[in-house]
Structure formats: structure tokens, C-alpha cells
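Working notes, beginning with the structure itself.
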Amino acid sequence: MAVVTGRPLPDRTFFRGGAAALFWVVAAAVPLVFLGTFFAWPVLTLLARGVMTDGALDLSGFADVLSRDRTWRVIGMTLAQSAVGTAAAVVLGVPGAYVLYRCRFRGQGLVRAFVTVPFVLPTVVVGVAFRALLTDGGPLGFLGLDGTFTAVVLALVFFNYAVVVRTVGALWARLDPRLEQAARALGAGPVRAFVTVTLPALGPAIASAASVVFLFCATAFGVVMVLGGVDYGTVETEIWVQTTQFLDLRAAAVLSVVQVAVVTLALAAATASRRRQERALRLQTDSLVRQPLRLRPGADLLPAVVTAAVVLGLLVTPLAGLLVRSLRTPAGWSLDNYIALGTTGGANALTVTVWEATANSLRAAVDATVLAVVVGTLVALIASRRPRGRTAKRAVGLVDALFMLPLGVSAVTVGFGFLLTLDTPPLDLRTSPILVPIAQAVVAIPLVVRSVLPVLRAVDPRLRQAAATLGATPGRVLATVDGPFLVRALGLAVGFAFAVSLGEFGATSFLARPDRPTLPVVIFRLIGRPGAENYGMALAAAVVLATLTATVMGLAERLRTREATG
Amino acid sequence: MAHTATRLVRTGVVAVATLALTACTLTGNGDETAGDGTDSAPAGEDSSAADTEDGGDSGGTLTVVTHDSFALSEELLSGFEAETGYTLETVAPGDAGALVNQLVLTADSPLGDVVYGIDNAVAARAVGADVLAPYTPADQPASADAYDLGDTLTPVDMGDVCLNVDHRWFAEHDVPEPQTFADLTEEDYRDLTVVTNPATSSPGLAFLLATVDEFGEDGWQDYWRDLDANGLKVVDSWSDAYYVDFSGSEGAGERPIVLSYASSPAAEVPESGGEPRTGALLSTCFRQVEYAGVLAGAENPRGARAFVDFLVSTPVQEDIPGQMYMYPVDDSVGLPQAWRQHAPLAEEPRAVDPATVDANREDWIAAWREIVVG
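Here's what the structure looks like:
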């Protein structure tokens, strides 16, 4: 069970009163300043360009843009894609969380790491991999899915499956199994015990995962562009078109406001459902409760079959297609495409070799991860408090919602906003390489918060009260009660932040300097050039990116397991 | 209790390690940044010394704003740096459309000194927004006159966006290859063509403009209706069309007619030599011309002018085909052999006046969407 130290410490004045208050002020200030500077200010500046005419507020754009049929078609398509995509990811992901985090079987660590790979692949590669399978004449062409709504939804599930599995799994692994066992002992069937005991306990994690997935779906860009073709434009793709192609900032601003409204409503709904369900759970700090996978009907057969079908059918197939094609060259099967990664491509398609770009990606990812984990953990610590006062309660709720917004705002808006705001010293960062990790961290912070928060929230507040009553200072309560839970959740947070940063393309493509491109940027560039050599290199580089991600996630996983059993 | 203590120590260690890592990487990155500025910038130590010692007229940084396809040989760029004493820095904030939009947005606080990569479909917007300062290189090649767009833009290179066909497919199916726009609406060519979306891809826009040129401002809509009815496929990006749907390149696509470039066949020559497996339909080409210009409010206008001169100099013009898949604007420089043999430019390319494009682009794309998307 969780650690409660009973003995008062000699330095009990340390961190008391003023010091504790100071800690929380700093804890709140760091994230606010960071996201204020690198998110709110740039975004609001760009939006202001869209709604201000000659220094006066001009809202006529709203009436104009909202009276277009196309706008409503685009909004409807966004909601439909996000709702169906989220529902499918949750329905398929919950059995996956059970099989991969609650049970144990040989090779589980590998499978866990593998399911995260799709999440960080650059969308342009995934789009081509999916389309190569689904197009007329492709291996799955007979399904007739190319350019359909179903194809877009499948790809959204492909990307977001890991979010549900990992977020729900992290909580499930620590859920005290005795509650469900008690229900079973009292005569409930496995389904009834699951529905009445386990499912409600998982509620917060499911709501949390669903809200993140909904945001990802509602702001999905590359995958919709490639797979949906012209028929399935969403608010996000429309903002991109209006901003980068037409420079119609008025229309882009209106659409951004619509997007934020949709996202805010989704978050509010998620928060409300989480509130209803939230309770202190009986958590184990050590995940020693995993049981062997039992492959018989009535036991784990159904979730195991569902998970195997998703992993093999939806995740392995496109990735295997990618791998196979990366080994194909005009001269037959060979490793030439991989050998070429040490070059700058056919006719010097690149400014650096793919390996140099990989090093750039790793460097940026380390910095982005540190930024995101520090800021995200502080946000999670604040949002997990349960103050008594009403205003304080509201403030905590607001913090929680506010820091999810970066997921709901288009990368184009943030990227263009940077150009407008970060142009004067000391923040003259427009051409600085540090902008890339900063932009990636902004995207990763909400994921860190979502990974850490459910675990912190589920800590029984009575533990904190008991520790305080027994004389522990607030700092010591934090270190000894929250600390052990935090450390375990951090493995997941670090893994996610690193993976997101490695794969981030939207903002990076605007900000990366040509002499320091990241791996997704060079993949995009290679695939945009004619010639078998460049195409083969793009696929090989995509395989490298996928392998890198799987390795990083596997390491994060091991780190966490060792911590948890140590 | 001992257990707890161990755990506390471990937590502490993790925390300290994290902090150390933070400091370490961020500084590392900072050093790296400084290092990279000099290491990867071709002129290396010399120019960085110039940078610090005399930030005056003959030294300092020159920031080139360009699109994401910019590339020139290292030797040429380092030669420029050595000759002028400037340290080159490039920023590439997206494709040609995004590039111009960013320049317009940042007109009050320019992103750099000189821009390369504004094309004729977006040129009028840049000129209209006054983001460029007048400059014409003294030795601008005579063949560039045909693409003159006023005294702020200097033509550097060009390329033709054309339909490409898969020779083998047509031979195997015993169907004659199409020759004109009108052919594509014939029954013989039903379900055979894939193009890109003009709202999201620059070749897509070029192709739409080519049809405007062919059928007139009031006639292209009917043509697209017929194309759509004849099983046209529209995808969002060039790579998607060329590598997935097209039968003549890497993908095992089903469609033998794709929107690409006049230079693409040169990349499809088999390694064993011989004829390329694809060809361009030269009657369908829209000419894209790329321009350079000095940015208004540049911190280093002298360097900016030197860079424009550099771009139209013979060595750079010769370097362009191999690096950027574009044709030099100077018709007196030699082309690579594969280009001479397999990638001729159209003799009478399609064109639409840039000002007309700028005035109508959004309306045309909206109309196009109504027709093709419905």
C-alpha cells in the first residue's frame, strides 16, 4: 500500500505556511508563463488580425463565414469523424488496456511498446501506407474503402488506439482487484462484476482518454488530407487552407473560434462525466496484481480476441506494408534504401543526411520532453488538489481545462502566431532552433497532464490528511504521499512526451530551420520528390522513426516496471 | 521505514538527474546552436569571425527566406559566403503559398533580408502587399525578360506542371495515349486520370489555371464537369497522386495519367538506361516561374542584392536542375543529359496573368469545389 510516514520530522517548520504557499505560487506561475508566452499570446495575436479592421473590432466575418453552406458541412464532418473515431477507439481500446496492462503474458512488453508506434508516425507516411493498402489494386482494394469516411475513421483509430490503451491501462494496472473479486464472490457474473465495479472505477481514465482522443480527432490534419481527399474536409484542414493558401485570416479566425468552442464543449462534457464518477480509488502502488492471461470463454478470451484483431488487422498490416516496401528497390529486394540513409538522397533531395536529421530529432525531443514533463507535472499537481473554497475549486477546474487547449488549436495558428509575436528581444526566437522543442512541448504538455492526473487524483485524500495530522509538512506530504504515485505515472508521461515530440510535424514544419530538419520533416521532403531512390529512402526513414519510437516507449515501460517493483 | 527511505532517496536521485539533464541538454542545445551556425554553414570559421569582428557592410548575417524545396550545392553557397563575407542563414516556413502569406503577415518585422521561391501564382499578392523592395540585377539574363513582373521580382527558374502518362500501360492496353485536355473526357480515358487538389497543392492550382487558359474564364467549369463525370480522381498532394494512384512509378497504382512535372520523366529512366517509363503531355503544361526579391525593411539590403545577383549567376543557374528539379531561367546554360533527352519544356506553355490569378484565385477554387466535391 501507499507509504504513509507517521513520524514527525525535525524540520517541521520547513515548507510550512508561507513556504508552502510560495511553492504553489511558483508551481502555478511556471506553466502559466510558459503557455501564456508560447501558446496564448501567439494564438490570440493571430486571431486578433482576423477580427480587427483598422483597429476596431469587426465581427461581420462571423455572419459571413457562418452563413456559408461549406462551413456547416465542414463542422458537421469534423463532429462526425471525431465522434465515431473516439467511440471506436474507446470500444476497441478498453479490452486492449485489460489485456496489455491487467493481464500478463510473454512478449507483453513488446506489444505494449508496439501499439504506441502508430501514434507518433508522421501522417504523410501513414496516409501513403494506408492508401497503398486500400487503393484499387492494393492488397485490400477489394474492400472498396479508398477515400471513404470509414478509411478516415480507421486511420484515426490507428493513431489513437494507444492513447486509450495506455491511459486506461495505467489506472487499471493499479486498481485493487479485491473489489471485483468480492463482487464475484457475492455471486455477480463476470460481466456484471465488470459493469458495476470495474467500469465505474475506470471511468475517470476512460473519460480522460476519450477527451484527448476527441481532441486529436477534431484537429487531425494530415490523415484527413491524405485519406479523406477532397470530400472530407474538416475545420482543421479548412483553417490550414484559409491561412496558408488564401491568407483569409478573417475566415481562419472564425473557424478557429468554432474549433475552440467544439473542443471546449467536449472538454466540459468530459469533465462533467469525470466529476460524477470520480472517487478515491483503492490503488496499489505496485502493479503486482496482474494475472496470467486465461484464454478460455468466460475468462479473457473475448478481450484477447478483440485485441489481437485490432493489433494484427489495424496496426500491424499497414506497418508491415511499410516495412516490406522499404525493402523493395528497382533492383529487387535489398537494404539499399537503408544504406542510402547515410546520404542526402537522390540529386541531393535533402540538406543533411537522414541520420543527422535523426540526431536533430532526438536532441529536440529530449529538450521538449524535459519542458513538457516539468510544466505538465506542475499543472497536474495543481489540478489534483481538492481545495475546500468554492473559488479555489473553480480555479483548479479552470487550470485543468485551460491546459488542454493546445490540443484543440491548429498547429498552423500557433506556427503563424509565433512569427507575429516572437520577433523582439529577448524573445526574438523566430529563427532559433529552440523554437522547435518549445512548440513540441506545447503539444506534449496536455498528454503529460492527462497521464499523470488520473493517478494523482485517485490518491485517497485521507492519506494526505493522515500524514498531515501526524505532523508531516506539506512538502513532506507531497514527497511521501503523492511522490510514489507520481514517479510511476512519469514513466508513461516521459514516454508520451518523447514520442509526440519525435513525431510532431505540423508546427515543426513551419519552425524547423532548413539546416536542422527533424526526421518527419526529411521524410515529408523525400516523399515529395520524384524518383525511386527518394521514395525508398522515405519509407526506410519512416521505419527508422517507427523503430526509434517503439524503443523509447519500451524503455519508458521498463523504467516504470522497475520502479514499480523496486 | 528503511524501504521508504530507499524510495525517497531514489525519488530524489531521479529528480536531481532530471534537473541535471535539463541543464545539460538545454545548454548542450545552446552550444549546439552556436556550433551549428558555424559548422553546418558552409563557410565555417571564416564567416563567423567576420560576423563578430566587423558586423559592418561587408560582413554579418544574411537571412534568406525561402520555401521548403530550396537547395543549392554546398560549394556554391560556401563560395558565396567566402566571397561576400556574409554568413548565410535560411528559413523555410512552408510551401510557396505559405511563404508569401508569412511575408505579408510579417511585413512590419521582416523574417529576413531576401526571399527566393515566390511563384507566379502568388506573386501578385506579394507585390500588392509591398513586402518587396525594388531591385533588378545588372546581368539579368535576356531570356528572363519573358517572365518580367516588375522591378521587385527577379525570375530565377521555372518548371512546367503537366499531365504525365505511363507508356507501358497504354501499350499493354492497346489504347492510344491522350494528347490534349479534351481527350481526357473521352470514354477511352474513363477512370484513368488522377490530379491534385488546387486548394491544397501548387501543381493542382497550376493545372486548374492551365484549364482556365485553355477553355477561358467561363468555359473551364464545363470542362471540369465532364472530367468529373468521366471518373476523375482528386487527391490532396503530389506524392499521394504520384506514388499511390499512378501506375508508372513506385506505387502499384491503377491510373496511368497523373498530374506531375515536365521534368518527372527524367527521374523515371531505368537504371539500366534507355527510355523513361513515363512521358509528359506537353500540350497541357502550365509554366511555374519562381522569383527572388529583396525584402522591404531588410537589415542587410546590400547582402540581399548580392544574393539575388548570385541566384542568376551562371554557376547557380547550372546547379538548379540537379538540386531543385527546376529549369534555369537563363536559357544559355547547359542542362543535365537526362533532361536534354527526356524532359523538354513545353514550347507553348499555358499562362494566366498573375494579377488575374490573384483577383480570382479564391472564387475559382470555390467554384472548382462546387463542381468536383459537390
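Heads up: the protein sequence lines correspond to chains A and B, in order.
Going letter by letter, the first sequence gives residues 0 to 565 in numbering that gives the first Met the number 0.
Going letter by letter, the second sequence gives residues 0 to 373 in numbering that gives the first Met the number 0.
Note that beta-carbon positions come from the ideal geometry of N, C-alpha and C, so glycine has one too.
Residue environment, residue i, which counts as buried when at least 16 other CB atoms sit within 10 Å
i, result
"Pro291(A)", "exposed"
"Pro296(A)", "exposed"
"Ser46(B)", "Model confidence at Ser46(B) stands at a pLDDT of 37, short of 50, so the residue's coordinates are unreliable; what they give is reported in the following sentence. So Ser46(B) ends up on the buried side."
"Val323(A)", "exposed"
"Lys392(A)", "exposed"
"Arg165(A)", "buried"
"Gly17(A)", "exposed"
"Arg557(A)", "exposed"
"Gln180(A)", "exposed"
"Val25(A)", "exposed"
"His172(B)", "exposed"
"Val551(A)", "buried"
"Pro264(B)", "buried"
"Ala549(A)", "buried"
"Phe141(A)", "exposed"
"Gly59(B)", "buried"
"Glu44(B)", "Its pLDDT being 35, under 50, Glu44(B) is placed unreliably in this model, and the value from its coordinates should be taken loosely. Counting Cβ neighbours within 10 Å, Glu44(B) comes out exposed, since fewer than 16 surround it."
"Glu369(B)", "exposed"
"Ser360(A)", "buried"
"Ala619(A)", "Chain A is shown from 0 up to 565; residue 619(A) falls before or after that span and cannot be answered."
"Pro348(B)", "buried"
"Val212(A)", "buried"
"Ser271(B)", "exposed"
"Gly627(A)", "The question about residue 627(A) has no answer, for chain A in this structure spans 0 to 565."
"Thr86(B)", "buried"
"Gly96(B)", "buried"
"Thr564(A)", "Any reading at Thr564(A) must be qualified, since the residue scores a pLDDT of 37, below 50, and its modelled position is unreliable; the value itself is stated next. Answer is exposed; the Cβ neighbour count stays below 16."
N-terminal and C-terminal residue of the beta strand (DSSP E) that residue i is part of
i, result
"Gln287(B)", "Phe285 to Leu294"
"Met157(B)", "Thr153 to Asp165"
"Asp118(B)", "Val113 to Asp118"
"Val63(B)", "Gly59 to Thr65"
"Ser259(B)", "Ile256 to Tyr260"
"Ala279(B)", "Thr277 to Ala279"
"Val234(B)", "Lys232 to Val234"
"Thr376(A)", "Premise fails: Thr376(A) lies in the alpha helix (DSSP H), Val353 to Ala382, not in any beta strand (DSSP E)."
8 angstroms Cβ cutoff met for residue i and residue j
i, j, result
"Val351(B)", "Asp212(B)", "yes"
"Gly505(A)", "Ala555(A)", "no"
"Phe220(A)", "Thr122(A)", "yes"
"Ala251(A)", "Gln241(A)", "yes"
"Val64(B)", "Leu102(B)", "yes"
"Leu313(A)", "Val156(A)", "yes"
"Val126(B)", "Ala291(B)", "no"
"Ala172(A)", "Tyr100(A)", "yes"
"Val441(A)", "Phe38(A)", "yes"
"Ala410(A)", "Val395(A)", "no"
"Pro41(A)", "Val374(A)", "no"
"Leu201(A)", "Leu170(A)", "yes"
"Phe285(B)", "Ala365(B)", "no"
"Cys161(B)", "Ala279(B)", "yes"
Rounded Cβ spacing between residue i and residue j (contact assumed at less than 8 angstroms)
i, j, result
"Gln287(B)", "Met157(B)", "6 angstroms"
"Leu518(A)", "Leu544(A)", "5 angstroms"
"Gly252(B)", "Thr277(B)", "In fact, because the Cβ distance is near 12 angstroms, the residues do not count as touching under 8 angstroms."
"Val127(A)", "Ser238(B)", "7 angstroms"
Range covered by the alpha helix (DSSP H) that runs through residue i
i, result
"Ala303(B)", "Pro300 to Leu310"
"Tyr160(A)", "Phe148 to Trp171"
"Tyr85(B)", "Where Tyr85(B) is concerned, there is no enclosing alpha helix (DSSP H), although the beta strand (DSSP E) it sits in stretches over Tyr85 to Val90."
"Val194(B)", "Counting along the chain, Val194(B) falls outside any alpha helix (DSSP H), though it belongs to the beta strand (DSSP E) covering Thr192 to Thr195."
"Phe220(A)", "Taken as a continuous stretch (DSSP letters only), Phe220(A) belongs to no alpha helix (DSSP H), as it is neither H nor E."
Is it true that the stretch 298-318 of chain B meets the stretch 125-142 of chain B, where meeting means three or more beta-carbon pairs spaced less than 8 angstroms apart?
yes
Closer than 8 angstroms is the cut-off here; do at least three beta carbon pairs connect the stretch 436-448 of chain A with the stretch 62-76 of chain A?
no
Taking 8 angstroms as the cut-off, does the stretch 28-47 of chain A touch the stretch 111-125 of chain A (at least 3 CB pairs, one atom from each stretch)?
no
May I ask you to verify whether the stretch 356-370 of chain B touches the stretch 291-300 of chain B, counting CB pairs closer than 8 angstroms and requiring at least 3?
no
Is it the case that the stretch 221-234 of chain B contacts the stretch 176-186 of chain B, given that we only count it when at least three CB pairs across the two stretches are under 8 angstroms?
yes
contact_flag[the stretch 470-489 of chain A, the stretch 398-405 of chain A] where n(CB pairs < 8 angstroms) is 3 or more:
no
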